[in-house]
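Since the structure comes first, as structure tokens, the remarks are kept for the end.
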Amino acid sequence: MDVLNLWMVFLVLVSLGLGMALGASLLLYTDATTTFTAITGVLVSSFGIALVLFYKLTREKKEEGYGIRG
Numbered sequence: 004m005d006v007l008n009l010w011m012v013f014l015v016l017v018s019l020g021l022g023m024a025l026g027a028s029l030l031l032y033t034d035a036t037t038t039f040t041a042i043t044g045v046l047v048s049s050f051g052i053a054l055v056l057f058y059k060l061t062r063e064k065k066e067e068g069y070g071i072r073g
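The structure is reproduced here in structure tokens:
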């Protein structure tokens with residue numbers, strides 16, 4: 004694995020952690036149900052993963068010369 008792939012794995016784990024932390028804080032500080040908390044955590048972590056995958060795809064296209072120049 005190169006450094007970029009390790010960085011992507013790290014970002015995915017961080018986004019999962021942030022999603023779980025947000026879910027836990029909502030559970031502790033509001034009267035939200037467990038289902039709502041779980042859904043919110045999954046959505047936040049899924050957004051983080053999607054962002055990482057989008058970045059990785061644009062990076063690969065950029066290296067091939069198809070994507071954004073710069």
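Numbering (the working numbering), first residue to last: 4 to 73.
We put the beta carbon where it would ideally sit given N, CA and C, even for glycine.
This structure is a prediction, so every number in the text was calculated from the model and none was measured.
Drop a sphere of 10 angstroms on the beta-carbon of residue i, count the other beta-carbons inside from all chains shown, and report buried for 16 or more, exposed for fewer.
i          : result
residue 48 : buried
residue 22 : buried
Can the beta-carbon of residue i be found less than 8 Å from the beta-carbon of residue j?
i          : j          : result
residue 18 : residue 51 : yes
residue 14 : residue 55 : yes
Work out the CA separation of residue j and residue i for me, nearest whole Å.
i          : j          : result
residue 28 : residue 60 : 32 Å
residue 20 : residue 7  : 20 Å
Pick out whichever of the options has its Cα sitting closest to the Cα of residue i.
i          : options    : result
residue 42 : 53, 25, 58 : 25
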